[in-house]
Amino acid sequence: MGSIFADRIFRLGTETAFEVLARAKALEREGREIIHLEIGEPDFDTPQHIKDAAVKALMEGYTHYVPAAGILELREAIAEYIAETRGIEVDPDEVVVTPGAKPILFFGILACVNPGEEVMYPNPGFPIYESVIRFVGARPVPLPLREENDFRLDPNDVREKLTDKTKMIILNSPHNPTGSVLTRQDLEEIAQYVMKKEDLIILSDEVYSEILYEGKHESIASIPGMKEKTVIIDGFSKTFAMTGWRIGYGVMRKDLAQRITQLMVNSNSCTCAFTQMAAIEALRGPKEPTRRMVEEFRRRRDVIVSGLNSIPGISCKTPKGAFYVFPNVKAFGMKSKQLADLLLERAGVAVLAGTDFGEYGEGYIRLSYANSVENIRKAIERMKATLSELI
Ligand code: PLP
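Those letters in the sequence shown? Residues 48 to 438, per our numbering, in order.
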């Protein structure tokens with residue numbers, strides 16, 4: 048029997064967060080009250096001045112096709128922003144604007160990785176990495192993130208797993224789902240191992256670069272010699288609470304930027320025009336709303352970490368970035384998935400299993416603290432009551 052499907056479609060994975068959200072919504076329709084700690088987006092509204100800029104752009108006629116790589120003024124603003132925050136020189140021709148940061152991941156892997164080549168990626172990690180690696184027929188090589196190492200990847204693993212077939216290494220700092228942050232020393236060590244390999248490219252997913260609670264953001268692209276080997280992925284979704292606007296970008300060498308632009312021509316044509324005008328305002332306008340959001344996230348982080356640590360059987364590290372915690376739940380002696388299901392069904396608290404982020408997430412769950420302090424406190428009380436029956 049023939050099939051309408053191409054083989055590759057069966058290699059594509061997904062993001063479980065959307066499935067858990069659907070199950071939680073179904074319970075809500077039955078009248079249950081669910082606290083949502085599964086969601087990976089800021090619960091803040093997009094700052095007013097950014098919304099105003101979008102409305103103005105709409106009224107001024109930004110309602111047509113624009114260049115596939117992005118409006119020049121936005122690419123200039125991004126080049127300035129990256130130069131300022133990463134301390135590197137960036138040309139607007141090294142910037143490609145896409146509908147969200149995700150397409151840079153997808154297009155970057157499509158453009159650079161052949162079937163049979165190897166791609167290293169953090170595990171646990173954003174599930175789309177492994178999904179797209181498999182989709183293109185490449186071999187996923189997990190870099191295990193260990194709690195003992197504060198969930199930072201170990202540069203020695205990079206050294207040991209490097210082969211003739213290694214084509215790409217995906218980094219993500221600050222990290223989803225653990226909130227870990229790579230140190231300058233980690234990045235320097237990784238750079239030292241990969242520098243010699245001419246055809247290797249780093250995808251550095253930095254979408255949480257501004258959601259950082261100590262120190263300054265470090266990008267591997269700022270290490271001498273590494274800019275040409277790195278694609279910086281960043282965007283507006285997290286920093287400016289703009290997940291629904293769909294806008295992000297990649298910063299990369301010009302020849303690759305041209306190829307990614309060609310992928311844009313073949314798929315989206317361009318990113319929404321008035322959204323791009325709003326993004327210029329996001330980068331050039333007041334930064335106070337982002338600062339306030341990060342301070343509020345810090346307050347919630349402290350509440351959720353101490354709350355989780357007060358539950359017998361749970362131990363939780365204090366993350367340095369992003370808005371997730373990744374507590375150890377091994378003491379309950381069940382699979383993470385089972386525990387996540389139980390918390391949803393019995394406690395009415397929606398969380399994700401550590402294994403939703405890869406096999407090395409077993410023994411952990413992920414909670415997002417993109418929710419109010421009041422709801423976080425309520426979730427902790429409910430979890431405590433449910434889990435006390437298990438231990
Ligand atoms: N990279 C990571 C690590 C993420 O957590 C997310 C969103 O959850 C993205 C990329 C995608 O961002 P965007 O909404 O800009 O496509």
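In this text, a Cβ means the ideal position worked out from N, Cα and C, and glycines have one as well.
Option in the options with minimal Cα separation from residue i
i       : options                            : result
Gly-360 : Leu-105, Arg-331, Ile-412, Ala-329 : Ile-412
Asp-403 : Leu-390, Ser-50, Glu-66, Met-273   : Glu-66
Thr-225 : Asn-170, Glu-164, Ala-73, Glu-265  : Asn-170
Val-352 : Leu-218, Arg-293, Thr-213, Val-372 : Val-372
Val-228 : Ile-248, Asn-196, Leu-152          : Asn-196
Gly-108 : Ala-320, Gly-395, Ser-435          : Ala-320
Ser-178 : Leu-259, Ala-426, Gly-405, Ile-427 : Gly-405
Phe-91  : Glu-123, Ala-288, Lys-244, Ile-270 : Ala-288
Cys-317 : Gly-282, Ala-115, Ser-435, Met-273 : Ala-115
Asn-422 : Arg-348, Pro-366, Gly-368          : Arg-348
Gly-134 : Leu-434, Pro-366, Pro-271          : Pro-271
Ser-362 : Lys-431, Ala-101, Ala-158          : Lys-431
Arg-448 : Ile-180, Val-143, Asp-211, Leu-218 : Here the chain has residues from 48 to 438 only, and residue 448 is not among them.
Gly-282 : Val-142, Glu-236, Thr-308          : Val-142
Ser-415 : Phe-370, Val-278, Leu-391, Glu-436 : Phe-370
Ile-217 : Asp-388, Val-396, Tyr-168, Arg-122 : Tyr-168
Leu-121 : Pro-139, Tyr-112, Thr-132          : Pro-139
Asp-211 : Phe-198, Gly-163, Tyr-255, Tyr-176 : Gly-163
Ala-400 : Gly-87, Thr-63, Ile-51, Ser-284    : Thr-63
Glu-436 : Arg-393, Phe-173, Glu-409, Gly-410 : Arg-393
Ile-81  : Ile-358, Asn-219, Leu-391          : Leu-391
Val-420 : Ile-280, Val-350, Asn-315          : Val-350
DSSP-derived helix/strand/coil call for residue i
i       : result
His-96  : helix
Lys-214 : strand
Arg-133 : helix
Ala-115 : coil
Ser-314 : helix
Gly-368 : strand
Glu-206 : It is Arg, not Glu, that sits at residue 206 in the sequence shown. Reduced to three states, the DSSP call for Arg-206 is helix.
Asn-422 : helix
Arg-79  : coil
Leu-250 : strand
Asn-196 : helix
Ile-151 : helix
Ile-412 : strand
Ala-417 : coil
Ala-397 : strand
Ser-269 : helix
Ser-362 : strand
Gly-157 : Note that residue 157 is Leu in the sequence shown, not Gly. In this structure, Leu-157 counts as helix in the three-state DSSP scheme.
Leu-439 : Any question about residue 439 goes unanswered here, given that the chain covers just 48 to 438.
Endpoints, beta strand (DSSP E) assigned at residue i
i       : result
Gly-297 : 295-298
Asp-281 : 277-282
Thr-61  : Note, Thr-61: premise wrong, no beta strand (DSSP E); not H, not E.
Distance cut-off 7 Å: residue i Cβ against heavy atoms of the ligand PLP
i       : result
Lys-149 : yes
Asp-252 : yes
Thr-477 : A question about residue 477 goes unanswered here, because the residues of the chain that appear run from 48 up to 438.
Ser-284 : yes
Phe-173 : yes
Asn-223 : yes
Asn-422 : no
Gly-295 : yes
Asn-196 : no
Gly-117 : no
Gly-87  : yes
Asn-170 : no
Asn-219 : yes
Residue i: first and last residue of the uninterrupted alpha helix (DSSP H) it sits in
i       : result
Gly-354 : 335-356
Met-167 : Met-167 -> not in any alpha helix (DSSP H); beta strand (DSSP E) instead, spanning 165-170.
Thr-145 : Element bounds for Thr-145: not the alpha helix (DSSP H) but the beta strand (DSSP E), 142-145.
Pro-221 : Per DSSP, Pro-221 belongs to no alpha helix (DSSP H) and is neither H nor E.
Leu-386 : 383-389
Arg-186 : Premise fails: Arg-186 lies in the beta strand (DSSP E), 186-191, not in any alpha helix (DSSP H).
Arg-181 : 174-182
Ile-237 : 231-241
Thr-322 : 320-331
Interface flag, residue i vs chain D, CB-CB below 8 Å
i       : result
Pro-336 : Absent from the structure is chain D; it holds one protein chain and no more.
Point to revise | Segment contact flag, the region 232-241 with the region 365-381, C-beta cutoff 8 Å, min 3 pairs | key: no
Exercise for review: Decide yes or no for the touch test of the region 204-211 against the region 339-350: beta carbon pairs closer than 8 Å, at least 3 of them.
Suggested key: no
Point to revise | Segment contact flag, the region 316-326 with the region 67-80, C-beta cutoff 8 Å, min 3 pairs | key: Judged by Cβ distances under 8 Å, the region 316-326 makes no contact with the region 67-80, as fewer than three pairs qualify.
Review point. Can you find at least 3 beta carbon pairs, one from the region 142-161 and one from the region 294-308, that sit closer than 8 Å?
Key: yes
Review point. Is the region 57-72 touching the region 260-268 in the sense that three or more CB pairs, one from each, lie closer than 8 Å?
Key: The answer is no - the region 57-72 does not touch the region 260-268, with fewer than three Cβ pairs under 8 Å.
Review point. Is the region 235-248 touching the region 93-108 in the sense that three or more CB pairs, one from each, lie closer than 8 Å?
Key: no
Practice item. Assess, as a yes-or-no matter, whether the region 94-105 is touched by the region 252-263 under the definition of 3 or more beta carbon pairs within less than 8 Å. Key: no
Point to revise | contact_flag[the region 185-195, the region 331-338] where n(CB pairs < 8 Å) is 3 or more | key: no
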